[in-house]
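Novice: Following UniProt numbering, the numbering of the sequence shown begins with 1 at its first residue and continues without gaps.
Glycine included, every Cβ here is placed at the ideal spot set by N, Cα and C.
Since we're looking at a predicted model, the values are computed, not measured.
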Amino acid sequence: MYYHLFSHKDLKLKLPFGCIISGPSSTGKSTFVRKLISNSDQLIEPTPKSILYCYGEYNSLVPELQRAGVSVYSGVPPEDLIKKQEQPSLVILDDLMYTIDEKYLSELFTKKSHHLNFGIIFITQNLFEKKLKVARQNSMYIVLTRVRTFHFAGPGIRVFFSNQTRAGLPG
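So, in structure tokens, the structure goes:
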């Protein structure tokens, strides 16, 4: 029997690429991105020479990334800003679903990432938003996060939390 073993090189994200990270609020999307950026030399091939993080709402990740030398931009980045990044680059769009134009988003995931040699990561809470259709179809990678499941038990009461909250009382 023949087994094909993967090397760490086989599992790297290959630039240029399109990626969507999707999940409900507080499910680790920002943590995932922070770890991806800090380990980009081991996880992305070739290693991005520049990283541009664009955000819709200011968050705790912004100053942390700035201290690490990542360029940050509030809002949807214009094409000329993306072109100014040293190539190959990584462009991250966080919480921009309702401000980005559908056509521009589609072009970033189809023509622009390939021709301008960058990886595009779009972070959203709704993978099936109509505006994401072309981006979703052209993503090489899709990362899903989910709510953690917790079980609590106490005297005479059981509570279960998951994607939907349920409470069970004795009886």
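1) Which partner residues of Leu-144 appear in the DSSP bridge assignment?
2) When the Cα atoms are used, what is the spatial distance from Asp-41 to Gly-18?
3) Is it the case that the region 68-81 contacts the region 46-53, given that we only count it when at least three CB pairs across the two stretches are under 8 Å?
4) Does the region 73-92 touch the region 108-121, meaning 3 or more C-beta pairs lie closer than 8 Å?
5) Could I get the ranges of all uninterrupted alpha helix (DSSP H) runs contained in the region 73-124, with 4 residues as the minimum, in chain order?
6) Between the region 95-102 and the region 56-64, do at least 3 Cβ pairs fall closer than 8 Å?
7) Can you tell me whether Leu-132 is buried or exposed? The criterion is at least 16 other CB atoms within 10 Å of its CB, across all chains shown.
8) What are the start and end residues of the beta strand (DSSP E) that includes Ser-50?
9) Tell me the DSSP bridge mates of Ile-37?
10) Assign Leu-11 to buried or exposed, taking buried as 16 or more other Cβ atoms, counted over all protein chains shown, within 10 Å of its Cβ.
11) Taking Asp-94 and Ile-123 to be in contact with their CB atoms under 8 Å, please state how far apart those CB atoms are, rounded to whole angstroms.
12) How big is the Cα-Cα spacing for Val-62 and Lys-112?
Specialist: So, to answer that:
1) Ser-22
2) 18 Å
3) yes
4) yes
5) 79-84 and 102-107
6) yes
7) buried
8) 50-55
9) None, per the DSSP bridge assignment.
10) exposed
11) 4 Å
12) 25 Å
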